[in-house]
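Enquirer: Pasting a structure here, questions to come.
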Amino acid sequence: MFSVDPFITDYASVARSVDDGAFDEYDFIVVGGGTAGCVLAARLSERSDLRVLVIEAGQSGKALYKSRTPAGFSHLFHGQHDYNFYTVPQQHAANKKKFWPRARLLGGCSSINAQMAHYGAPSDYDEFASIVGDDSWSWKNFEAYFRKFENYTPDPRFPHVDASLHGSHGPVTVGYHAHTWEGSPLFVEASVNAGVPFSPDFNTSKGTLGTNKVLTYIDSRHQRVSSEAAYLTPDVLARPNLKVVTLARVTKIVFDSSSGTPRAVAVEFANETQRSPRFRARARKEIIVCGGAVHTPQILMISGVGPSSVLEKHNIPVLIDSPGVGANLSDHPTFALRLKEKLGVSINYSKPYDLMSTLKLLKATAQYQIFGTGPLSSNVGEAATFFRTDDQKLFPPAEFNNTIEDSTSGPNAPDIELIIVPAAVDEVEFNVEPGLYAYALITTLLRPTSVGSVQIKSADPWDDPVIDPNYLATQHDLDVLIRGVRGAYKIAHTAPMTNLTDVGSTHPLLDHHIDRLSDKELGEMIRDRVETLFHPFGSCTMGKADNPAAALDTQLRVRGALGLRVCDASIYPKLVSGHTAAPVLAAAEKLADIIKAEYPATA
353 MFSVDPFITD
363 YASVARSVDD
373 GAFDEYDFIV
383 VGGGTAGCVL
393 AARLSERSDL
403 RVLVIEAGQS
413 GKALYKSRTP
423 AGFSHLFHGQ
433 HDYNFYTVPQ
443 QHAANKKKFW
453 PRARLLGGCS
463 SINAQMAHYG
473 APSDYDEFAS
483 IVGDDSWSWK
493 NFEAYFRKFE
503 NYTPDPRFPH
513 VDASLHGSHG
523 PVTVGYHAHT
533 WEGSPLFVEA
543 SVNAGVPFSP
553 DFNTSKGTLG
563 TNKVLTYIDS
573 RHQRVSSEAA
583 YLTPDVLARP
593 NLKVVTLARV
603 TKIVFDSSSG
613 TPRAVAVEFA
623 NETQRSPRFR
633 ARARKEIIVC
643 GGAVHTPQIL
653 MISGVGPSSV
663 LEKHNIPVLI
673 DSPGVGANLS
683 DHPTFALRLK
693 EKLGVSINYS
703 KPYDLMSTLK
713 LLKATAQYQI
723 FGTGPLSSNV
733 GEAATFFRTD
743 DQKLFPPAEF
753 NNTIEDSTSG
763 PNAPDIELII
773 VPAAVDEVEF
783 NVEPGLYAYA
793 LITTLLRPTS
803 VGSVQIKSAD
813 PWDDPVIDPN
823 YLATQHDLDV
833 LIRGVRGAYK
843 IAHTAPMTNL
853 TDVGSTHPLL
863 DHHIDRLSDK
873 ELGEMIRDRV
883 ETLFHPFGSC
893 TMGKADNPAA
903 ALDTQLRVRG
913 ALGLRVCDAS
923 IYPKLVSGHT
933 AAPVLAAAEK
943 LADIIKAEYP
953 ATA
């Protein structure tokens, strides 16, 4: 362990005040120490001839008990380590603003997510490769980067996993170290009985359709494996060529246009709360923006890279007119089907409401702190079911006319994911009512056709961006979610889930009446209660040169600029049909290899 803090908050030790007119120089500056930023910091600094500076607005997630503890992540929402974003009122979702948690921490949202290690369907990546015109992003080629970050250890309790299909020497632990809630195996068995096949492993070339317990980013000590924990190890942080600045907000990327094409040459930043003085560091080679699907467009736009109409509205000089910056925002909309459980095993005590629930939480906390086991070692989303809404085993033709447009990337790709959660969920918070024993099936639309945008409110980097995911703007998205919810209801009432589900409940906050609602009535309920799965994607995408909406080329370089790249969830042209941490980790691993090849080691 470090005897001193390895993270830098004395900015004068690594950069100069903008008033000095001088620069401290680095080869690469990584803007944002999130899921991708930690990967790039570690991989680029492997080369001792490269000086790397990381600038992050948050602090260490590893230092926070609620982040390290797998089940503790929701307790970070709305606090100092969350940006506490809300969308604009959603026109097609009851005109409500929706809460969007975004981490203000090293590791980014890998420090506050549900730790579900799921990579999407192989055909997703083949579709990406076709859209961007670069086969290196196809599954057969890109899969190697999933295996590069993986450190999978076989578990005798799960003999169905073929360990040879996973990486075993990467920095990111994936496995089955999480707690198993009593309802999770019942859910998997009921899904099979309802017509969904058992999947030995969601993350191989065989595809992701099926049901099973989910691999997690949780280590053998039952602690979260964030990108920070995996990549910014003590040995990495001790490298003399790597500096990690924390609690600092990037206020602008500085360009030099003297040679014609704007070149990104420096980054300005300041203390996240004090806002002044501002400091500046120069990049000899490149600046890589890793702010995520919300902050990356904002940083680019306040620096003069983005749609000219937006920049001119806020009196920002247009350096590069790039209409794709902030466009094409996608997210996974969800509906939490809330049902009473009759075994008394839900974790409704996770937010205590009386003496008994407080005692239960204290017991679970002691069990976790002493042994690393128990309910607090659960990632909460322990098991999942992936299916297609045109699956006639789950939805017989006599029951549903299969007329919904297919938005999936291929016949073996799902359009719905169900996640079982051991508590009722309302507005991404647990416990819709104190003392209520209930659980939720999070019904997730994996391939929405609605797209939205991220824009800036002003030129002030401290102003929250304007987030509009445009939920349920298409009839397709509502139709698929309606069918998905009906599939979830069917599974909840299929044995052995009938041992858990209190089918006779009439509780007004729960959803046991779903089967009596028409599609129109259910659709209205979904519009009212739709929420996020925390997966914003695609707001600064790569693509072909003739695509004006593609802000990046397939090497993740910003078109129209020199020395500037982007690497995070914003780069993909479509939403992956699964969870988003893995595609970001893999993209960062790929970009690190690209950069090292472009800048050979000096003698």
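Here the sequence shown is numbered in the numbering used here, starting from 353 and rising by one per residue.
All C-beta atoms, glycine included, are put in the ideal place defined by N, C-alpha and C.
(1) Excluding sequence positions up to five away, which residues of its chain have a Cβ less than 7 Å from the Cβ of PRO704?
(2) Determine the direct distance from the alpha carbon of LYS692 to that of THR741, and round the result to whole angstroms.
(3) Give a yes or no on whether the C-beta atoms belonging to LEU671 and PRO629 are separated by under 8 Å.
(4) Taking all protein chains shown into account, do 16 or more other C-beta atoms lie within 10 angstroms of the C-beta of TYR438, making it buried, or fewer, making it exposed?
(5) If you measure between the beta carbons of ASP434 and PRO422, is that distance less than 8 Å?
(6) Exposed or buried, what is PHE550 when buried is set at 16 or more other beta-carbons lying within 10 Å of its beta-carbon?
(7) Should the segment 677 to 691 be called in touch with the segment 856 to 870, which here means at least 3 C-beta pairs below 8 Å?
(8) On the DSSP letters alone, give me the boundaries of the alpha helix (DSSP H) that ASP880 sits inside.
(9) Under the DSSP definition of a beta bridge, which residues are partnered with SER369?
(10) Just to confirm the assignment: which complete beta strand (DSSP E) runs, minimum length 3, are found wholly within the segment 601 to 679?
(11) Span of the beta strand (DSSP E) holding TYR378?
(12) Quick check on the DSSP output: the beta strand (DSSP E) that includes ARG917 runs from which residue to which?
(13) Taking the alpha-carbon positions, what's the ALA645 to ALA776 distance?
(14) Going by C-alpha distance, which of ASP816, LEU561, ALA618 and ARG395 is nearest LEU914?
(15) Restricting to runs no shorter than 4 residues, where is the alpha helix (DSSP H) found entirely within the segment 476 to 543?
(16) If THR954 sits next to ASP401, beta carbons under 8 Å apart, how far is it from one beta carbon to the other, in whole angstroms?
(17) Can you name the start and end residues of the beta strand (DSSP E) that ILE772 belongs to?
(18) Considering just the uninterrupted stretch of the beta strand (DSSP E) at GLY562, what are its terminal residues?
(19) Mark ILE947 as exposed unless 16 or more other C-beta atoms lie within 10 angstroms of its C-beta, in which case mark it buried.
(20) Would you give the residue range spanned by the beta strand (DSSP E) that VAL596 belongs to?
(21) Under 8 Å between the Cβ atoms of ALA622 and THR603?
(22) Please state whether the Cβ-Cβ distance between PRO675 and ALA901 is less than 8 Å.
(23) Would you kindly work out how many angstroms separate the C-alpha atoms of ASP487 and SER870, rounded to a whole number?
(24) Is ALA811 near the ligand GTP, judged by its Cβ being under 7 Å from some heavy atom?
(25) How many angstroms separate the CA atom of ALA765 from the CA atom of TYR471?
(26) Taking PRO586 as part of the alpha helix (DSSP H), name the residues at either end of that continuous run.
(27) Could you work out which residue in ALA530, ILE381 and ALA897 is closest to GLU638 when comparing CA atoms only?
(28) Report the three-state DSSP secondary structure of GLU693 (helix, strand or coil).
(29) Can you list, in chain order, the residues of its chain with a C-beta nearer than 8 Å to that of SER520? Leave out the 5 residues immediately preceding and following it.
(30) Give me the Cα-Cα distance between MET353 and THR686, rounded to the nearest whole angstrom.
(31) Compute the Euclidean distance between the alpha carbons of SER355 and PRO586, then round it to the nearest angstrom.
(32) I'd like to know whether the C-beta atoms of LEU937 and VAL406 end up nearer to each other than 8 Å.
(33) Looking at the secondary structure, which residues open and close the alpha helix (DSSP H) in which SER833 lies?
(34) Along the chain, where does the beta strand (DSSP E) that runs through LEU908 open and close?
(35) Where do the N-terminal and C-terminal ends of the alpha helix (DSSP H) with ALA933 fall, by residue?
(36) Which first and last residues belong to the beta strand (DSSP E) in which ILE808 is found?
Expert: Working from what's here:
(1) THR710 and LEU713
(2) 25 Å
(3) no
(4) exposed
(5) no
(6) exposed
(7) yes
(8) 871 to 881
(9) PHE631
(10) 615 to 623 and 630 to 641
(11) 376 to 383
(12) 916 to 918
(13) 28 Å
(14) ALA618
(15) 491 to 501
(16) 5 Å
(17) 768 to 773
(18) 562 to 565
(19) buried
(20) 594 to 597
(21) yes
(22) yes
(23) 45 Å
(24) The model on display carries no ligand, and the ligand GTP is accordingly not part of it.
(25) 12 Å
(26) 586 to 589
(27) ILE381
(28) strand
(29) GLU502, ASN503, TYR504 and THR505
(30) Confidence at MET353 is low in this model, with a pLDDT of 42, below 50, so its placement is unreliable and the value that follows should be read with caution. When rounded, the distance between both Cα atoms is 41 Å.
(31) Confidence at SER355 is low in this model, with a pLDDT of 47, below 50, so the placement of that residue should be treated as unreliable; the coordinate-derived value is given next. Approximately 11 Å between the Cα atoms of the pair.
(32) no
(33) In the sequence on display, residue 833 carries Leu and not Ser. From DSSP, the alpha helix (DSSP H) with LEU833 extends over 827 to 844.
(34) That residue, LEU908, is in no beta strand (DSSP E); it is neither H nor E in DSSP.
(35) 933 to 950
(36) No beta strand (DSSP E) contains ILE808, which DSSP labels as neither H nor E.
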